[in-house]
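There are 2 protein chains.
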Amino acid sequence: MTKALDRREKQRADLVLSAERMIATRGLAGLKTRDLAREIGCANGAVYNLVADVDELVLRVGSRTLLRLDDALSAAVRAGNPSPKETLVRIAIAYCDFAAENLQLWRALFEHRMETEKALPDWSVDDQLQLFRHIYQPLAALLPKRDAEELGITARSLFSAVHGMVALGLEQRLVAVPLPALRKEIASLVRAMIDGLVAQAA
Amino acid sequence: MTKALDRREKQRADLVLSAERMIATRGLAGLKTRDLAREIGCANGAVYNLVADVDELVLRVGSRTLLRLDDALSAAVRAGNPSPKETLVRIAIAYCDFAAENLQLWRALFEHRMETEKALPDWSVDDQLQLFRHIYQPLAALLPKRDAEELGITARSLFSAVHGMVALGLEQRLVAVPLPALRKEIASLVRAMIDGLVAQAA
DNA sequence: CAGCAATCTTGAACATCGTTCAAGAAATAT
DNA sequence: ATATTTCTTGAACGATGTTCAAGATTGCTG
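Chain order of the listed sequences is E and S. According to UniProt numbering, the first sequence is numbered sequentially starting from 1. According to UniProt numbering, the second sequence is numbered sequentially starting from 1.
Quick look at the structure:
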């Protein structure tokens, strides 16, 4: 009994890893159930014994990506002991670097939710909310007058603004921005946003 | 001779309009060639006499959306005669409002480019570059020391940041942000960015 | 260990797409 | 009026996500 379930569990893990590799190399659109089945050595129909549908699979891969992103941001904060302002700049740069290094997986995070209207499972929502905590703490130090709710909103806005710069910056279609230039732009605008916010608060 | 070409031209326009309606009501994923053919009264294969593929169709719809967006931003700038700073805030709010009012069509603008790897036709790229000019002028007034290239980069960064706030803010999945609250957040952060940029320049 | 029941796995089949193309219809030229 | 060119049609193709009845496997019991 447990033997069979263990095997299922292991095969499910294989499936998620295969899906992750496939998205990383061919993009979200390149994820095909038949190819996955071949890679993990089962019939294409068997994929649906491990996972309800591809949506769940993409969500599971997304969860892993968010976890690695969280690690990357944590590492950026941990290095050295800079001012709150420079910590926020580091987080922004780390976000940019992570997106650049994990381009397809990072894109899948945002491309996918657009397609489906189904509600996200709780574990997936939790993953996402965790990201803001990196921003919250340094922001609280910079804006001591703001209450928790205001800080939460501002943290989300800051994150969104940086996300936008990274998203459009890495979109090579329009104007190809070299990565170092993008990093500089982001650092500069993050500093401006913080300076502006602090000045407004005074 | 011209008779047939005229009819083609008219049917092509019908096709684009039908596609626009379909994207607006059902989203980009709800765009189906067979439904389009039925709506404009032709065989499904005939769609490919009017347009090379759905990509081109989506791009044509996108061009119309960008044109309307441009109009909306122009109108926002024209109203009253505010300071450069408040002009930039108005542009940001107008962008947010346009996205909210044209949610599916606006999303299609960014969802689509992610899927295809083909190079965009020139007319489509031109449309996009035009948007930055609204931001460029007030920014130049605020940052007289910067040269044209720096201003262009900063204008793009500002646009990207606002885009990010709108994109994640209208994504109802995570935390539902009421539109008025989103508008306030955007106005506040845009003012902060501008204040910060001006202070840095001094 | 044998036999039975429950469960899992399989791969063929289904529905839905975008896209193509040979054949027939229509328009134009002679 | 006829011939030639052009356009239109809708059936067919190849992919793809998903389902499901039938067969294989596993786990339990005497």
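Even for Gly, the Cβ is constructed at its ideal location relative to N, Cα and C.
What is the residue span of the alpha helix (DSSP H) that V47/S lies within? Start at 1 with the first residue of the second sequence, and residue 47/S comes out as number 47. Taken as a continuous stretch (DSSP letters only), the alpha helix (DSSP H) holding V47/S covers V47 to L50.
Any beta carbon of chain E sitting closer than 9 angstroms to that of E56/S? Counting from one through the second sequence, the residue named residue 56/S turns up at place 56. Chain E, which has no Cβ nearer than 9 angstroms to the Cβ of E56/S, makes this no.
Can you determine whether any heavy atom of the ligand MN sits closer than 8 angstroms to the C-beta of A29/S, and answer yes or no? Absent from the structure shown: the ligand MN. Ligands present: none.
Should G45/E and A52/E be called a contact, given that it needs their Cβ atoms to be closer than 9 angstroms? Translated into the one-based positions of the first sequence, residue 45/E becomes position 45. Translated into the one-based positions of the first sequence, residue 52/E becomes position 52. No.
Output yes if chain S places a C-beta closer than 9 angstroms to the C-beta of E111/E; else output no. Here residue 111/E corresponds to residue number 111 of the first sequence, with the count starting at 1. Yes, E111/E lies at the interface with chain S (some Cβ there is under 9 angstroms from its Cβ).
Within a Cβ cutoff of 7 angstroms, which residues of the same chain sit near L162/S, ignoring the five residues on either side of it in sequence? Translated into the one-based positions of the second sequence, residue 162/S becomes position 162. It is Val, not Leu, that sits at residue 162/S in the sequence shown. Closer than 7 angstroms at Cβ, skipping near neighbours: A92, Y95, I186 and V190.
Partner residues on chain E for Q200/S, Cβ-Cβ distance less than 8 angstroms: As a position in the second sequence, residue 200/S is number 200, starting the count at 1. Those within 8 angstroms of Q200/S in chain E are S188, R191, A192 and D195.
Can you look up L120/E in the DSSP assignment and give me helix, strand or coil? Within the first sequence, the letter at position 120 stands for residue 120/E. L120/E: coil per DSSP, three-state reduction.
Any beta carbon from chain E within less than 9 angstroms of residue 206/S's own beta carbon? This structure gives no information on residue 206/S, because the portion of chain S shown stretches from 1 to 202.
Measure the CB-CB distance between I194/S and K85/S and report whether it falls below 9 angstroms. Here residue 194/S refers to the residue found at position 194 of the second sequence. Here residue 85/S refers to the residue found at position 85 of the second sequence. In contact: I194/S and K85/S (Cβ atoms closer than 9 angstroms).
Is DSSP giving P84/E helix, strand or coil here? Residue 84/E sits at position 84 when you count from the first residue of the first sequence. Reduced to three states, the DSSP call for P84/E is helix.
Is it buried or exposed for G169/S, if we count other Cβ within 10 angstroms and need 16 for buried? For this step, residue 169/S is matched to residue 169 along the second sequence. Buried.
Three-state secondary structure assigned by DSSP to V177/E: Stepping through the first sequence from its first residue, residue 177/E is reached at position 177. Looking at V177/E - three-state DSSP - the assignment turns out to be coil, as it is neither helix nor strand.
Between which two residues does the alpha helix (DSSP H) harbouring E56/S extend? Here residue 56/S refers to the residue found at position 56 of the second sequence. Start and end: V54 to R78.
N- and C-terminal bounds of the alpha helix (DSSP H) containing R146/E: Here the question's residue 146/E lines up with position 146 in the first sequence. From DSSP, R146/E is part of no alpha helix (DSSP H); its letter is neither H nor E.
Endpoints, alpha helix (DSSP H) assigned at A140/S: Within the second sequence, residue 140/S is the residue found at index 140, counting from 1. It spans F132 to L142 - the alpha helix (DSSP H) in which A140/S sits, taken as one unbroken run.
Go ahead and label L109/E buried or exposed: buried means 16 or more other beta carbons lie within 10 angstroms of its beta carbon, across all protein chains shown. Numbered from 1 along the first sequence, position 109 holds the residue referred to as residue 109/E. Buried: at least 16 other Cβ atoms inside 10 Å.
Counting only beta-carbon separations shorter than 9 angstroms, does G169/S have a partner in chain E? Residue 169/S sits at position 169 when you count from the first residue of the second sequence. Yes, its Cβ sits closer than 9 angstroms to a Cβ of chain E.
Excluding the 5 residues flanking G30/E on each side, which residues of the same chain have their C-beta closer than 8 angstroms to its C-beta? Taking the first sequence and counting its residues from 1, the one referred to as residue 30/E is at position 30. Cβ neighbours of G30/E beyond the five flanking positions: M22 and I23.
I want to verify the contact list: residues of chain S whose CB lies under 7 angstroms from the CB of H163/E, in sequence order. For the purposes of this step, residue 163/E is identified with residue 163 of the first sequence, where counting begins at 1. Residues of chain S passing the Cβ test: G164 and L168.
Chain E contact for M1/S (CB, 9 angstroms cutoff): Position 1 of the second sequence, counted from the first residue, corresponds to residue 1/S. Per-residue confidence for M1/S stands at a pLDDT of 47, beneath the threshold of 50, marking its modelled position as unreliable; no derived number is given.
Take the Cβ of W106/S as the centre, count every other Cβ of all protein chains shown within 10 Å, and call the residue buried at 16 or more, exposed below. Position 106 of the second sequence holds residue 106/S. Classification for W106/S: buried.
Taking Cβ-Cβ distances shorter than 7 angstroms, what residues in chain E pair up with E115/S? The sequence position of residue 115/S within the second sequence is 115, counting from 1. Within chain E, the residues near E115/S are A29.
Hey, could you find the ends of the alpha helix (DSSP H) E39/E is sitting in? Walking along the first sequence from the start, residue 39/E turns up at place 39. Run containing E39/E: T33 to I40, per the alpha helix (DSSP H) assignment.
Which chain E residues sit within Cβ distance under 7 angstroms of S157/S? Counting from 1 along the second sequence, the entry for residue 157/S is found at position 157. M165, E185 and L189, listed in chain order.
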